[in-house]
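> Just so you know, the sequence shown maps onto residues -22 to -1, 1 to 448 in mature numbering (1 follows the signal peptide of the UniProt record, and there is no 0).
Before anything else, here's the structure in question.
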Amino acid sequence: MAFLYLSFLVVGILSGPVLVDAQLHDEATLLAIKKELGGVPGWGDNSTDYCNWEGIHCGFNHSFVERLDLSRRMLRGNVTLISNLIALKHLDLSYNNFNGPIPSAFGNLSQLQYLDLSLNKFEGSIPLELASLRNLRSLNLSNNLLVGEIPQEFKVLENLQEIQISSNRLSGSIPHWVGHLTNLRVFTAYENQLGGEIPDNLGSLSEIKLLNLHSNRLDGPIPKSIFGMGKLEVLVLTQNGLSGDLPEAIGNCIGLSSIRIGNNKLVGVIPRTIGNVSSLTYFEADNNNLSGEIVSEFAQCTNLTLLNLAYNGFTGIIPPEIGQLTNLQELILSGNSLFGNIPTSILGCKNLNKLDLSNNRFNYAYTMQVTAPGNVYSYGVVLLEILTTRIPVDDDFGEGVDLVKWVQGAPVRGETPEQILDAKLSTVSFGWRREMLAALKVALLCTDSTPAKRPKMKKVVEMLQEIRQN
């Protein structure tokens, strides 16, 4: 017991001067930083204890500064002195106006676990000295003016869980060492000038949830190994030069919620295994060279809210099963070679607020109107098809008259709305006929000759739902 007391006494005697020195050192450093930055709001205004200053958190016994958050302060100036806060574990300088090179002295912050320098104007290359930060878990250098390549020296940062280097001017290729970071969960490098192929070993990242590489100069195929990432939730590869086809392995990523691969040079068909991705909410593959039919397996992705396959080479019909996607909000199939009738089951997509089927070969092609109001127009044509059981273009209408003009001209011909509807409706109940007549009014609103007078798609859905409820 006496030995234990003596031990505490010795530690207390030794730690006292050390604690005082630490406090004096960090206080002097913070005051120097404040002066260098032309003042920091909330520092020293109401307290002489720097550990209580805004954005600062100290460690045990109010000794060393372990956390410094100067984000969103509109600050500018030299931040090199921050490297003297040797106990820092968390440094956030995001959303400011800092410029010039990233201080190489930041490599001295050996305890640092979190570094966020995003949304500033830092320029030059990424300092190689940052490779000394062996404890670093999160690195965010996004939205700056950085140039050069991703340093090979960073391969030793084995604890990294997040790398965010987007919206810079970085060049070169994605280094293979990224695929060896077994703890990596987030890798975003979009809006740079990165080229070459996506490293195949990225498929080894078993913990990764977000991979975003859009708007670069990447080429070659999408590695099949990527779809072996068991925890991948978001994959964004849009606006590159990727080629090849979509592998069947895409169906292995059952936890994927977003697949964005538009604006590339992809070919082939969409694998039917896409139906296995039950968590899928976004699927964008527009502006590629994909072909074949639109697979009905999309209907198994019941959480899908956006399906964009525009400007490819798809043929065949729109699968009727698409109407089972009750959560679908946007269906964009324009610029393909789809033909046949538009399935009436689309009306089952009760949350649909954008429908673009323009530039295809549907039966109603002659009545197609392009632009946003045209999406509503095409929806109105589908409604008229259902209500009248007529095709959009018929010789019976007369020369130069399509379905829309034929319905709109009924009063001139002395026909009542009931006479326009399918003759079989005469045998149904009064309530059902009333619903059909109300739906006819909605269809006429959608196909108004003046685009500005057409209701928004969301309003159309609301009107149809109100008809059903009444």
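All residues carry an ideal CB built from backbone N, CA and C; glycine is no exception.
Kindly list the residues whose CB is nearer than 6 Å to the CB of LEU399, restricted to its own chain and excluding five residues on each side of it in sequence; keep chain order.
These residues qualify, in order along the chain: LEU365 and MET414.
> So, for GLY157: in the same chain, excluding its five sequence neighbours on each side, which residues have a beta-carbon less than 7 Å away from its beta-carbon?
Counting only Cβ-Cβ distances below 7 Å, and skipping sequence neighbours, we find PRO177, ASN179, LEU180, SER182 and LEU183.
> Just the C-alpha distance for ASN319 and ILE295, rounded to the nearest angstrom, thanks.
Rounded to the nearest angstrom, the two C-alpha atoms are 7 Å apart.
> Alpha carbon to alpha carbon, how far is VAL247 from GLU175?
Rounded to the nearest angstrom, the two C-alpha atoms are 21 Å apart.
> To the nearest angstrom, how far is the alpha carbon of THR26 from that of GLU136?
Rounded to whole angstroms, THR26 to GLU136 spans 39 Å at the Cα level.
> Contact defined as beta carbons within less than 8 Å: I believe PHE292 pairs with ILE272. What is the distance between those atoms, to the nearest angstrom?
Contact flag correct, Cβ pair sits at about 6 Å.
> Excluding the 5 residues preceding and the 5 following GLY253 in the sequence, name in chain order all residues of the same chain whose CB lies nearer than 6 Å to its CB.
Counting only Cβ-Cβ distances below 6 Å, and skipping sequence neighbours, we find GLU275 and GLN278.
> With C-beta atoms as the reference, is LEU330 less than 8 Å away from VAL439?
Yes, Cβ-Cβ distance for LEU330 and VAL439 is below 8 Å.
> Mind listing, in chain order, the continuous alpha helix (DSSP H) runs of no fewer than 4 residues lying wholly within the segment 404 to 446?
Complete alpha helix (DSSP H) runs here, min 4: 408 to 424.
> Among ASN161, SER61 and ILE232, which has the Cα closest to the Cα of SER116?
Checking every option, the nearest Cα to that of SER116 belongs to ASN161.
> For the segment 58 to 91, which segments carrying the beta strand (DSSP E) assignment without a break, of at least 3 residues, lie completely within its bounds, in sequence order?
Qualifying beta strand (DSSP E) stretches, in chain order: 68 to 70 and 77 to 79.
> At the level of alpha carbons, what is the spacing between SER120 and ASP70?
Rounded to the nearest angstrom, the two C-alpha atoms are 13 Å apart.
> Checking contacts by CB at 8 Å: is LEU422 closer than that to chain B?
Reference to chain B is not applicable here, since this structure consists of a single protein chain.
> Identify the residues that DSSP records as bridge partners of ARG250: which are they?
In DSSP, ARG250 forms no bridge with anything.
> State the start and end residues of the unbroken beta strand (DSSP E) segment that holds ILE398.
Not the beta strand (DSSP E): ILE398 falls in the alpha helix (DSSP H), residues 395 to 398.
> Whole angstroms is fine: what's the gap from PRO153's alpha carbon to SER144's?
Their backbone Cα atoms lie some 15 Å apart in a straight line.
> Could you check if ILE300 is buried or exposed, using at least 16 other CB atoms within 10 Å of its CB as the buried criterion?
Looking at its Cβ environment, which holds 16 or more other Cβ atoms inside 10 Å, ILE300 is buried.
> Looking at the unbroken alpha helix (DSSP H) that takes in GLN386, where does it start and where does it end?
Looking at the DSSP string, the run of the alpha helix (DSSP H) that includes GLN386 is 381 to 386.
> Report the residue from LYS383, ASN338, LEU213 and LYS209 whose alpha carbon sits nearest the alpha carbon of PRO201.
When only C-alpha atoms are compared, the closest one is LEU213.
> Which of the three DSSP states, helix, strand or coil, is assigned to VAL164?
Here VAL164 sits in strand by DSSP.
> Look at the alpha carbon of PRO(-6) and the alpha carbon of LEU66, and state the distance between them as a whole number of angstroms.
Note on PRO(-6): pLDDT 46, under 50, position unreliable in the model; the coordinate value appears next. The straight-line gap from Cα to Cα measures roughly 20 Å.
> For a test of the three-state rule: what should DSSP assign to GLY174, helix, strand or coil?
Strand at GLY174.
> Taking the DSSP output, what are the residues bridged to CYS36?
Answer is VAL43, bridged to CYS36.
> My output table needs one value for GLN347: the three-state DSSP class, helix, strand or coil.
Reliability of the predicted coordinates at GLN347 is poor, the pLDDT of 44 falling under 50, and the value obtained from them is presented with this limitation in mind. Of the three classes helix, strand and coil, the one that applies to GLN347 here is coil, per DSSP.
> If GLU417 and ILE445 are in contact, beta carbons under 8 Å, what's the gap, nearest whole angstrom?
Inspection of the sequence shows that residue 417 is occupied by Ala rather than by Glu. Indeed they touch by this definition, with Cβ atoms about 6 Å apart.
> The beta strand (DSSP E) with GLY318 in it runs from where to where?
Start and end: 315 to 318.
> How would you write the range of the beta strand (DSSP E) that ASP197 sits in, first residue to last?
It spans 195 to 199 - the beta strand (DSSP E) in which ASP197 sits, taken as one unbroken run.
> Cβ atoms of LEU333 and TYR357: under 8 Å apart, would you say?
Against a cut-off of 8 Å, the Cβ pair of LEU333 and TYR357 comes out as a contact.
> To the nearest whole angstrom, what separates the beta carbons of ALA227 and GLY208, a pair I think is in contact under 8 Å?
The pair is not a contact, with the Cβ atoms about 12 Å apart (cut-off 8 Å).
> In three-state terms, what does DSSP make of SER182?
Here SER182 sits in helix by DSSP.
> State buried or exposed for residue 518, treating a residue as buried only when at least 16 other CB atoms are found within 10 Å of its CB.
Residue numbering for the chain in the displayed model covers -22 to 448; residue 518 lies beyond these limits and cannot be assessed.
> Grab me the residues of PRO297's own chain with a C-beta within less than 8 Å of its C-beta, minus the 5 sequence neighbours each way, in chain order.
Contacts found: GLU271, ILE272, VAL273, SER274, PHE276, ALA277 and PRO321.
> Please state whether the Cβ-Cβ distance between LEU87 and LEU59 is less than 8 Å.
Not in contact: LEU87 and LEU59 (Cβ atoms no closer than 8 Å).
> Where LEU123 and GLU44 are concerned, what is the direct C-alpha to C-alpha distance, given to the nearest angstrom?
Approximately 28 Å, taken between the alpha carbons.
> Per DSSP, LEU220 is paired with what?
DSSP output for LEU220 lists GLY198 as bridge partner(s).
> Determine the direct distance from the alpha carbon of LEU15 to that of PRO199, and round the result to whole angstroms.
Their backbone Cα atoms lie some 48 Å apart in a straight line.
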